[in-house]
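In our numbering, the protein residues as written are 16 to 342.
By construction, the Cβ of each residue, glycine as well, lies at the ideal position given by its N, Cα and C atoms.
All figures in this text were calculated on a predicted structure; none of them were measured in a lab.
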């Protein structure tokens, strides 16, 4: 995506970046509203100016946790400025450029090199590192999306220190959106990966299928899901996963929406799948159980250890809620 204008790169400060123009509201962890400035990220001098500018803003990641200001019923991203970084002595922190937002250059910094994360909020006098999945539903959507984006990129960097082709060390380039092999005879460029996964609400009339994993908390149920395999379409992945997990065939697959899920590196592709109501043959290697549930049963969910719906920040929850609202 090309830069559409902002104060920092000097094109047209009157233009405003608008995510999802004309589209339905996104799911949690989408809608960051960033101009990612793809065509400028490879300019090292430009990138240095962005990081050193007074309007630069930084979000911190420590070993898959995000620095936030969190209370019992609300949470916010903790935006740091250059003076904050001076107090933290963050010279060893790896930086990734996320994009421009409202005239500010947004970076993520990886503080995983420190052993005790408490020293960061202690030096700042505020904030704490939290698992984003615990506080994401309490945040403004665009803030949660930015922190998820930062978390996903940092996770990728930590796992691609060496070239998968020759084994040579890699280095970060293009603002952290490429890792290049430093072996002169190789020089392969590696890019952040996203693993596609289908997630589907299988329904028949007034009933739908929900299952549960064996390691989930008591009562938790959700829609079926699985990764897309090489050489298959999304629709084929839906049909295969449903048959593998509960032993029924789907006769119609319709796309609903998608959700970035960088925990660590997935994109969830949501579908509705129609099937004939009948007995389920639950694959015990895949699921701890699965059943047909009526709309009435789901609307009356006790949300306790006997039965509860999926997390509110998940696309699974939205698939269910949108299906319930249809009747």
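In the three-state scheme derived from DSSP, where H, G and I count as helix and E and B as strand, residue 63 is classed as helix.
Residue 186 is classed as exposed because its beta carbon has fewer than 16 other beta carbons within 10 Å across all chains shown. Considered as a whole, the stretch 88 to 140 harbours 90 to 92, 109 to 116 and 119 to 125 as its complete beta strand (DSSP E) runs of no fewer than 3 residues, in chain order. Ranked by how close their Cα comes to the Cα of residue 307, the residues 294, 178, 298 and 316 have 294 in first place. Between residue 97 and residue 71, the C-beta gap is smaller than 8 angstroms, which places the two residues in contact.
Exclusion of the five residues before and after residue 322 leaves 234, 236 and 316 as the residues of its chain whose Cβ lies within less than 7 angstroms of its Cβ. Fewer than three pairs of CB atoms, one per stretch, sit closer than 8 angstroms, so the stretch 189 to 206 makes no contact with the stretch 263 to 278.
The Cβ atoms of residue 88 and residue 192 do not sit closer than 8 angstroms to each other. Residue 132 and residue 213 have their alpha carbons spaced roughly 35 angstroms apart. Contact annotation: residue 337 and residue 152 have beta-carbon atoms that are not nearer than 8 angstroms.
Under the three-state reduction of DSSP output, residue 149 falls in the helix class. Within 10 angstroms of the beta-carbon of residue 189 lie 16 or more other beta-carbons, which makes it buried.
Across the set 74, 142, 115 and 64, the C-alpha of 142 shows the shortest separation from the C-alpha of residue 86.
The beta carbon of residue 65 sits closer than 7 angstroms to the beta carbons of 23, 71, 112 and 120 from its chain, once the five residues preceding and following it are set aside; these are given in chain order.
Residue environment for residue 181: exposed (fewer than 16 other C-beta atoms within 10 angstroms of its C-beta).
Contact between residue 271 and residue 286 holds, with the beta-carbon distance rounding to 6 angstroms and staying under 8 angstroms.
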